[in-house]
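All remarks here apply to the structure that follows.
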Amino acid sequence: MKAAYAAIISLALLPQWGMSLESLDESQLSDVTGEGLGAVIEDFSLFTKLPNRPETGELTLIFNDHQTDDTSDDDAFILSDVRVHRSDFVYSDTADFSLAGGDFGSEQYPFKMGDLNQVYSILTDSSGNPKATYTALRTEFPGGALKPEDLTPDILDSLSDKFDLSFRIDSVIGTRAEGEKRRFDFSVAIEGFRFYGTQADTWAIPYYGVAMKSTIGLLADSIVIGGDPNGALSGNLTLNGVDVYLPTGSVDQPLIMSTANVAGKEQLQFEMLPLTKEISLARGSNIAKGHVRIKSIDFGDPRDESLRTALKPGHTPGTTDPEAYYYAFQPEFGNVVEIEGINIQHLRITTQDI
Amino acid sequence: MNIKYSLAPLIFLSMTSIQVFAELSSLDDADMQLISGKGIEIDASVDFTRDTTVSYTDSDWGNNATDDTYIGYRQVIVDERGNRLVDAGSVNGNDGYLNFYDNNNPTSTDGNVDKRRILNGYNVTYKAKQEGDYLIRKPAHIMLGEISGGISFTGLKLDFVSDFGYDENLPLTEENKPRPAMKWTLPDEIKFNNFEISGVYVSTNEVIDRNDNKLLGARLDGPIYLPSATAAYVFVTSD
Chain B
78 MKAAYAAIIS LALLPQWGMS LESLDESQLS DVTGEGLGAV IEDFSLFTKL
128 PNRPETGELT LIFNDHQTDD TSDDDAFILS DVRVHRSDFV YSDTADFSLA
178 GGDFGSEQYP FKMGDLNQVY SILTDSSGNP KATYTALRTE FPGGALKPED
228 LTPDILDSLS DKFDLSFRID SVIGTRAEGE KRRFDFSVAI EGFRFYGTQA
278 DTWAIPYYGV AMKSTIGLLA DSIVIGGDPN GALSGNLTLN GVDVYLPTGS
328 VDQPLIMSTA NVAGKEQLQF EMLPLTKEIS LARGSNIAKG HVRIKSIDFG
378 DPRDESLRTA LKPGHTPGTT DPEAYYYAFQ PEFGNVVEIE GINIQHLRIT
428 TQDI
Chain Y
61 MNIKYSLAPL IFLSMTSIQV FAELSSLDDA DMQLISGKGI EIDASVDFTR
111 DTTVSYTDSD WGNNATDDTY IGYRQVIVDE RGNRLVDAGS VNGNDGYLNF
161 YDNNNPTSTD GNVDKRRILN GYNVTYKAKQ EGDYLIRKPA HIMLGEISGG
211 ISFTGLKLDF VSDFGYDENL PLTEENKPRP AMKWTLPDEI KFNNFEISGV
261 YVSTNEVIDR NDNKLLGARL DGPIYLPSAT AAYVFVTSD
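Okay, here's the thing in structure tokens:
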């Protein structure tokens, strides 16, 4: 039966795919750069809970099942009340959810999949040619090739609508009070976000197998981490005006996935190979650098009296008007966090038993 | 794995795509308008049922689990010329060399390649070597094991449209012209019935057993709602 499905599915895919791919040799590959599948998503919204719908969905991540068949003693994180919708849509019991969707991508800046590209080492051999050339599969979000300096308000608008994403996380870990099944940990809301410059190249290299380089670019009006189950303002940590751009890996320092035996146990390991003197010399100052910028940070209520730093000019001392004061971590101009020129030289992530 | 949905939609899908392809090659843009809007609708209920009941109390747990649905990944180490290499040099495979793979002589140390010379390919040695530092060891299998539960939806629609990306209020240009695309309209609800990948394992062989390192499991239960008639247009890009 499985064979029959496989045959039917491949038959279904063959006519569209076969013609465009089979006639290419290696030298022609460089000519097809940019050809692949594109996708544009219109009116996208996603919820695990809707008003007047009794059923709700949730995702459980199980970290330890204690080697028993009983799922009730599993140590787990539970993601629920997931909402993804266009930023100006307001979730309420009376909202019209058919209007919650927003667009991801446009014809000019679509999602791209299966786009074959040549990627080159910056190291050269004795005749001056790249030391290694690989054919990589590129996957990118709308505007994946854009750099921070390319962005204009018009371009941003053609990448995607602004979206909101929120969810809550509960945990079921260790021994719990009688009758308590879950404990609310925190909620996360990313408001008014858009991706740019987000793409990944995947290829294979000798000795290591699958190799990858990627860039993530994210602009968000705010990221709110809520510690109060009822959503009280005092429980929030809010990062406003977030701009993150992080290139990770290169052809010479790709990110690889492997396994490592640590203390007698096999563990999963991700590593961005180290920067060597040779690579460092070859690339000079011509490297993709990342940044993290945050305009302001609110600890709890942004107008918390204990965060006042000074009275603004022209106001009477002792005034109760909250807008008459300056607040810590909320500069009038510029950013409160600005990390520029981020360049990862070596990164290794290994799973561990705790 | 037991797939419960009917074969008919798949056969229909396969035939549709052949016919559509045959027609596409002979149609010009104007004629394309005529077939625009024709498509198919797919309803599915997929059930991943365990072939055997996996139980921690079962003494033969490992073998049972292997019968089940899993997806596996393992690094295969090759050199620049594509020769397969293994770490076979000593009892624990940690003599500092990689060797050419020889199925007939698994402990052969032919073709010793100094690990330090190829580590990262760029003669890198770590400052303070710790256990687990060498990436090139005997690669283990990363396996998504014990997939179970169900997924169902109704009303996934596939249409072929010919006017994607065309704004008829603007003049016809190279940029502004109708293009063919596949339009997928997503169902407004996808139901998960305890859909579970009960473990991401790292295993030294292709058999999951209770001694293997289980990193994480995931379970999806209940509905995901897509209430705003989400549509995805898929097309061929060219730069």
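Residue numbers (this note's numbering), protein chains in the order written: chain B, 78 to 431; chain Y, 61 to 299. For every residue, glycine included, the Cβ atom is placed at its ideal position computed from N, Cα and C.
The bridge partners DSSP lists for K342(B) are V339(B). Annotation for S235(B): the continuous alpha helix (DSSP H) segment containing it runs P230 to L236. Sequence-distant Cβ neighbours of K239(B) in its own chain, meaning closer than 8 Å and more than five residues away, are R163, S164, D165, G179, G269, F270, R271 and D298. As the crow flies, the alpha-carbon of T292(B) is around 44 Å from that of P390(B). Fewer than three beta-carbon pairs drawn from the stretch 348–364 of chain B and the stretch 303–322 of chain B are found closer than 8 Å, and the two stretches are therefore not classed as touching. With a cutoff of 8 Å on beta-carbon distance, N317(B) and S373(B) are scored as near each other.
The bridge partners DSSP lists for F224(Y) are R239(Y).
Around the CB of S222(Y), 16 or more other CB atoms lie within 10 Å, so the residue is classed as buried. Under a 10 Å Cβ-count criterion, I302(B) is classified as exposed, with fewer than 16 other Cβ atoms of the shown protein chains found around its own Cβ. Taking the C-beta atoms as reference points, T279(B) is found no nearer than 8 Å to I421(B). When the alpha-carbon of D107(Y) is set against those of L275(Y), R270(Y) and F255(Y), the nearest one is in F255(Y). Minimum Cα-Cα distance from R239(Y) among the listed residues G225(Y), L158(Y) and P247(Y) corresponds to G225(Y). For D281(Y), the C-beta contacts it makes with chain B under 9 Å involve G134, E135, L136 and T137, in order along the chain. Taking the Cα of R141(Y) as reference, the smallest distance to any Cα among T397(B), A209(B) and V167(B) is reached at A209(B). Each of I371(B), E382(B) and S383(B) was checked against the Cα of F410(B), and the nearest Cα belongs to I371(B).
When DSSP reads this structure, N313(B) sits in a beta bridge with G303(B). Using a CB distance cut-off of 8 Å, D192(B) counts as an interface residue toward chain Y. For R279(Y), the uninterrupted beta strand (DSSP E) segment begins and ends at N273 to Y285.
Here DSSP, grouped into helix, strand and coil, assigns L230(Y) to coil.
In the assembly as shown, L358(B) is an exposed residue. Its beta-carbon has fewer than 16 other beta-carbons within 10 Å.
Burial check for L246(Y): the Cβ neighbour count within 10 Å reaches 16 or more, so the residue is buried. In its chain, beyond the 5 residues on either side, P199 and H201 have a beta carbon closer than 6 Å to the beta carbon of R134(Y).
Following the DSSP letters along the chain, one finds L358(B) inside the alpha helix (DSSP H) bounded by residues K354 to R360. For E184(B), at least one C-beta of chain Y is nearer than 8 Å to its own C-beta.
Apart from sequence neighbours up to five positions away, the residues of its chain that approach V287(B) with a beta-carbon distance below 7 Å are T279, A281, I333 and M334, ordered along the chain. Taking a contact to require three or more Cβ pairs closer than 8 Å, the stretch 220–231 of chain B and the stretch 132–149 of chain B do not qualify as touching. Under the Cβ criterion of 8 Å, L218(Y) is not counted among the residues facing chain B. In the three-state reduction of the DSSP assignment, A297(B) falls in the strand class. Within the stretch 281–298 of chain B, A281, I282, P283, Y284, Y285, G286 and V287 place their CB atoms closer than 9 Å to a CB of chain Y, listed in sequence order. Within a 10 Å sphere around the beta-carbon of Y403(B) sit fewer than 16 other beta-carbons, which makes this residue exposed. Where T297(Y) is concerned, the enclosing beta strand (DSSP E) starts and stops at A291 to T297. Per DSSP, the continuous beta strand (DSSP E) segment holding E217(B) begins and ends at T210 to E217.
For I131(Y), the CB contacts under 6 Å within the same chain, skipping 5 residues up- and downstream, are L204 in chain order. Beta-carbon to beta-carbon, N253(Y) and G209(Y) are separated by about 6 Å, close enough to satisfy the 8 Å threshold. If you ignore the 5 residues before and after P283(Y), its C-beta comes within less than 6 Å of the C-beta of E249 and K251, all in its own chain and listed in chain order.
Cβ-Cβ separation between Y293(Y) and K243(Y): approximately 5 Å, consistent with a contact (criterion under 8 Å).
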